[in-house]
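See below for the structure under consideration.
Residue numbers (the numbering used here): 127 to 458.
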């Protein structure tokens, strides 16, 4: 079977080539676009990553494709109704990086609590003093965890190791896990009001869109921090900027942003085709970059050897199952 992968690195190519040795494979570092769709040729499976929006105009250029597979858990870059209407299947990687992402959330917390980035900047500027470098301990602080799936659960385990108090919110609370790890569930408002650090690990869907917003961000303590390694759209960017500018919260560590695909490909602004709401969010994201109490990273929380290996292994399993006539990990 012919399979084409977009947005791949050389190392990913080598791993997938070994895992799918019985198939005809094509690899491209480029995103899937109307211009690059022709590279898929007669491929029955087209695999993409989060920066390749697959809409009807793209699908029309992939007549041979029978399955669109994304090497990610999130799939809002896939037009599922359009894929189904075209008689194709859609699949994702349901879960990966439970340890990888949880550890990165703590990397952001520690960088904020101990001002690591600011300290490094001072050293590079030749400033070796300690003025302005006072931080705070995680020990004894209350960690608010929004979403207690695989990643959220690992965050809670790590928090226990730091001696933090955990308060969690999830629409489907795991009470047995709460008893085992000695933490409590509460409503969203109670978690936000109590947290010294609020970390987001919820899935993105219509109900969780702007879960943190202009109406509720004021629930957070003035000396609290927001961590987001989940999805950018969970946070209303305007609300976050307002809270930071007014001193309603102390800072933020963000690995994801709203409209981050446009931020990574700003030449689209010159070509047109970007919604006004995206222009607004792009501007707001640039505002966040300039804030000294905000740490931004380019959506790399998943990016470890182990995390990427898990993604690629699941991708290969999904493709093999499809080739055998028993598709798995389908999106409905």
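Just so you know, even glycine gets a beta-carbon here, dropped at the ideal spot from N, CA and C.
The structure presented is a predicted model; accordingly, all values stated were derived computationally and were not measured.
Say yes only if the C-beta of residue 186 is nearer than 8 Å to one or more non-hydrogen atoms of the ligand COA, and no if none qualify. Absence of the ligand COA from the depicted structure is noted, as is the absence of any ligand whatsoever, leaving it without description.
Taking the alpha-carbon positions, what's the residue 283 to residue 442 distance? As a position in the chain shown, residue 283 is number 157, starting the count at 1. As a position in the chain shown, residue 442 is number 316, starting the count at 1. Cα to Cα, residue 283 sits roughly 30 Å from residue 442.
Beta-carbon proximity list for residue 156, same chain, < 7 Å, skipping 5 on both sides: In the chain shown, the residue the question calls residue 156 occupies position 30. Cβ-Cβ distances below 7 Å link residue 156 to 132 and 162 in the same chain, with the five nearest sequence neighbours on each side left out; the list follows chain order.
Can you tell me the Cβ-Cβ gap for residue 379 and residue 421, rounded? I've got them flagged as a contact below 8 Å. Position 253 of the chain shown, counted from the start, is the residue given in the question as residue 379. Position 295 of the chain shown, counted from the start, is the residue given in the question as residue 421. That pair is a contact at about 5 Å.
CB of residue 433 within 9 Å of CB of residue 141, strictly: As a first step, residue 433 must be located in the chain shown, where it is residue number 307. As a first step, residue 141 must be located in the chain shown, where it is residue number 15. No, the Cβ-Cβ distance between residue 433 and residue 141 is not below 9 Å.
Roughly how many whole angstroms lie between the Cα atoms of residue 377 and residue 321? For this step, residue 377 is matched to residue 251 along the chain shown. For this step, residue 321 is matched to residue 195 along the chain shown. Cα atoms of residue 377 and residue 321: separation of roughly 13 Å, rounded to the nearest angstrom.
Could you tell me if residue 363 is buried or exposed, where buried requires 16 or more neighbouring beta carbons within 10 angstroms of its beta carbon? Taking the chain shown and counting its residues from 1, the one referred to as residue 363 is at position 237. Buried is the call here.
Cβ neighbour criterion (16 or more within 10 Å) applied to residue 294: Locating residue 294 in the chain shown gives position 168, where the first residue counts as 1. Buried: at least 16 other Cβ atoms inside 10 Å.
For residue 205, count neighbouring C-beta atoms within 10 Å of its own C-beta (all shown protein chains included) and say buried if the count is 16 or more, exposed if not. Walking along the chain shown from the start, residue 205 turns up at place 79. Residue environment for residue 205: buried (at least 16 other C-beta atoms within 10 angstroms of its C-beta).
Which listed residue (257, 318 and 288) has its alpha carbon closest to that of residue 267: Position 141 of the chain shown, counting from 1, holds the residue named residue 267. Comparing Cα-Cα distances from residue 267 to each of 257, 318 and 288, the minimum goes to 288.
Going by DSSP in three states, residue 286 sits in which element: helix, strand or coil? The residue labelled residue 286 in the question sits at position 160 within the chain shown. If DSSP states are grouped into helix, strand and coil, residue 286 belongs with the helices.
Would you please state the rounded distance, in angstroms, between the beta carbons of residue 365 and residue 331? I believe it to be under 8 Å. By one-based count along the chain shown, residue 365 stands at place 239. By one-based count along the chain shown, residue 331 stands at place 205. Approximately 19 Å separates the beta-carbon atoms of residue 365 and residue 331; this is outside 8 Å, ruling out the contact.
Grab me the residues of residue 453's own chain with a C-beta within less than 8 Å of its C-beta, minus the 5 sequence neighbours each way, in chain order. Counting from 1 along the chain shown, the entry for residue 453 is found at position 327. Excluding sequence neighbours, residue 453 sits near 193, 215, 217, 444 and 447.
Do residue 361 and residue 384 have their CB atoms nearer than 9 Å? Position 235 of the chain shown, counted from the first residue, corresponds to residue 361. Position 258 of the chain shown, counted from the first residue, corresponds to residue 384. The Cβ atoms of residue 361 and residue 384 lie closer than 9 Å to each other.
Would you call the stretch 250-264 in contact with the stretch 296-312, where contact means no fewer than 3 C-beta pairs closer than 8 Å? The stretch 250-264 is not in contact with the stretch 296-312.
Name the residue from 303, 137, 301 and 278 whose alpha carbon lies nearest to the alpha carbon of residue 329. For this step, residue 329 is matched to residue 203 along the chain shown. Checked all of 303, 137, 301 and 278; the closest Cα to residue 329 is 278.
For the alpha helix (DSSP H) that contains residue 132, what are its first and last residues? Start at 1 with the first residue of the chain shown, and residue 132 comes out as number 6. Run containing residue 132: none in the alpha helix (DSSP H); it sits in the beta strand (DSSP E), 128-132.
Contact set for residue 451: own chain, Cβ-Cβ below 6 Å, skip 5 residues either direction: Reading the chain shown from its first residue, position 325 is the one you call residue 451. Cβ neighbours of residue 451 beyond the five flanking positions: none.
Alpha carbon to alpha carbon, how far is residue 165 from residue 190? The sequence position of residue 165 within the chain shown is 39, counting from 1. The sequence position of residue 190 within the chain shown is 64, counting from 1. Taking the straight line joining both Cα atoms gives about 12 Å.
Could you give the DSSP three-state label for residue 136: helix, strand or coil? Stepping through the chain shown from its first residue, residue 136 is reached at position 10. Residue 136 falls in the helix class under three-state DSSP.
Give the single residue among 407, 345, 369 and 382 whose Cα lies nearest to the Cα of residue 353. Within the chain shown, the letter at position 227 stands for residue 353. Among 407, 345, 369 and 382, the Cα nearest to that of residue 353 is on 382.
Buried/exposed call for residue 211, threshold 16 Cβ in 10 Å: The residue given as residue 211 occupies position 85 in the chain shown. When all chains shown are included, residue 211 counts as exposed.
Just to confirm my understanding: we take residue 426, look at its own chain, exclude 5 residues before and 5 after, and list those with CB closer than 8 Å. What are they? Translated into positions along the chain shown, residue 426 becomes position 300. These residues qualify, in order along the chain: 230 and 381.
Selected residue, minimal CA-CA separation from residue 213, among 188, 251 and 234: The count along the chain shown starts at 1 and reaches residue 213 at position 87. For the set 188, 251 and 234, the Cα lying nearest the Cα of residue 213 is the one of 188.
Here's the rule I'm using: 16 or more other beta-carbon atoms within 10 Å means buried, otherwise exposed. How should residue 147 be labelled? One-based indexing of the chain shown puts residue 147 at position 21. It is exposed - the Cβ of residue 147 has fewer than 16 other Cβ atoms within 10 Å.
So what's residue 399 in DSSP terms, helix, strand or just coil? Along the chain shown, read from residue 1 onward, the residue named residue 399 stands at position 273. Because residue 399 sits at a pLDDT of 44, beneath the cut-off of 50, its placement in the model cannot be relied upon, and the following sentence gives the value as read from the coordinates. Looking at residue 399 - three-state DSSP - the assignment turns out to be coil, as it is neither helix nor strand.
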